[in-house]
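Residue numbers (our numbering): 12 to 433. The beta carbon of each residue, even a glycine, is placed where N, CA and C say it ideally should be. Every value quoted in this text rests on a predicted model; they were computed, and no experiment measured them. Here's the structure we're looking at; comments come further down.
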Ligand code: SF4
């Protein structure tokens, strides 16, 4: 029997928060290999690292302050490795005498030092075992991964065919996780829009939807097997084609009488939140909804992809409020730090959201290779095409380009926090 080790590496960042992060792609591969007869184990560098869970089960993550990589030496901010201590990682991998293949996943491009460190340690321990690196960093910064990691294979894109997304009864190997209180689920893959700053299409050119009945069975399976009652949607376009998809799923939840809670940390499309969907969200315990606006500048809304208008947002919020959601449940994403959004205008965006009775949630901008924004920045010689992925970090990217950014960003965050309390 083949012995497989899956590894979810550390996060390296200035800040990190656990909004239900789980290595879903890696666990799908685990289930796939298990069904082929392999014995599959997981070493999760974030296991047991939740600190101070909030009312929704999201949490801070255990961290250690570490020295910044050389490139970030001039950044005056503490830099951290999030996850288990290295000796604990060594102890966990020492439990395995022989392994045939190791699969390491990767998250944000600028978290790559975590994946690289895990691979280096694994290579020292299992020098003859092939290591396959996949995930977001491995796909978006494929060349960087090939040139700078010790992985034997750097995998670009999805490892499994799309049929595994649809197939009824094929679920990620969540049983390998120790914390199953909140689990990710997905009804749709991809997005019908093409926003200039978004990497969604890099992982799938088409919008896809699984049968809502299959998703309902999946959720019931997690509830029966692990007692899970809280779910995080990982969809990019959950509300799109809602009559065929999310509305059908939510009606099944209501009919079952189950008391689940649902979260949408990826922003919802305001345009598709009609009265019926808003009511279904309320009846099925959607908590702390997130809706995407990015900017109230209608010119910028159009040239970045046209996914939302101010009127879409007004109507969506009206429907959600009529369904019973209060301001504390309604967070609207605003993008801060993009070169085409004047930071003075960001203050207007926040006031606009407040005037509609919702909270502004600031998302810092950073460009992602492969997006139109990135290409324009390279073409205009604002950044080099092959800048180190550490510079993609949203905490520092705009600081690096806009000298007054730090002061202004602090002002905007303070302003937002005060206004959100009113
Ligand atoms: S609508 Fe959202 S998910 Fe779709 S391309 Fe735009 S930002 Fe990405």
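Straight-line Cα distance separating residue j from residue i
i, j, result
"residue 165", "residue 93", "23 Å"
"residue 432", "residue 370", "8 Å"
"residue 189", "residue 53", "10 Å"
"residue 234", "residue 425", "40 Å"
"residue 40", "residue 68", "26 Å"
"residue 336", "residue 26", "30 Å"
"residue 153", "residue 384", "19 Å"
"residue 184", "residue 143", "18 Å"
"residue 400", "residue 123", "8 Å"
"residue 163", "residue 23", "22 Å"
"residue 199", "residue 37", "18 Å"
"residue 324", "residue 248", "15 Å"
"residue 361", "residue 427", "7 Å"
"residue 42", "residue 357", "45 Å"
"residue 351", "residue 84", "28 Å"
"residue 377", "residue 409", "7 Å"
"residue 236", "residue 59", "20 Å"
"residue 132", "residue 115", "12 Å"
"residue 139", "residue 15", "14 Å"
"residue 204", "residue 55", "34 Å"
"residue 13", "residue 82", "40 Å"
"residue 254", "residue 212", "23 Å"
"residue 63", "residue 263", "33 Å"
"residue 72", "residue 145", "23 Å"
"residue 280", "residue 312", "13 Å"
"residue 181", "residue 298", "27 Å"
"residue 136", "residue 261", "47 Å"
"residue 226", "residue 31", "18 Å"
"residue 331", "residue 216", "31 Å"
"residue 402", "residue 29", "22 Å"
"residue 106", "residue 96", "16 Å"
"residue 121", "residue 375", "14 Å"
"residue 259", "residue 283", "15 Å"
"residue 50", "residue 209", "37 Å"
"residue 257", "residue 76", "42 Å"
"residue 364", "residue 343", "7 Å"
"residue 252", "residue 111", "43 Å"
"residue 379", "residue 386", "9 Å"
"residue 158", "residue 411", "25 Å"
"residue 291", "residue 267", "14 Å"
"residue 90", "residue 430", "30 Å"
"residue 406", "residue 415", "14 Å"
"residue 169", "residue 244", "19 Å"
"residue 80", "residue 86", "10 Å"
"residue 354", "residue 228", "46 Å"
For residue i, the residue or residues it bridges with in DSSP
i, result
"residue 253", "BP columns for residue 253 are empty, so no partner."
"residue 195", "243"
"residue 300", "341"
"residue 346", "374"
"residue 54", "18"
"residue 76", "91"
"residue 219", "200"
"residue 62", "71"
"residue 23", "92"
"residue 29", "70"
"residue 474", "Because the chain is modelled from 12 through 433, residue 474 falls outside the range shown and cannot be assessed."
"residue 164", "143"
Endpoints, alpha helix (DSSP H) assigned at residue i
i, result
"residue 427", "416-432"
"residue 384", "383-390"
"residue 363", "354-366"
"residue 43", "35-46"
"residue 274", "Element bounds for residue 274: not the alpha helix (DSSP H) but the beta strand (DSSP E), 272-274."
"residue 503", "Nothing about residue 503 can be read from this structure; the chain reaches only from 12 to 433."
"residue 174", "174-177"
"residue 410", "408-412"
"residue 157", "153-159"
Residue i at chain C interface by Cβ criterion, 7 Å
i, result
"residue 293", "This model lacks chain C altogether; it includes just one protein chain."
Practice task
Only counting runs of 3 or more residues, tell me where the beta strand (DSSP E) segments fall wholly within the region 78-147, in order along the chain.
Solution key: 90-93, 112-115 and 142-144
Exercise for the section: Let me know the alpha helix (DSSP H) ranges lying completely inside the region 312-341, each 4 residues or longer, listed in chain order. Expected result: 321-333
Problem - Residues with C-beta closer than 5 Å to any heavy atom of ligand 1, in chain order - result: 202, 204, 206, 209, 211, 247 and 318
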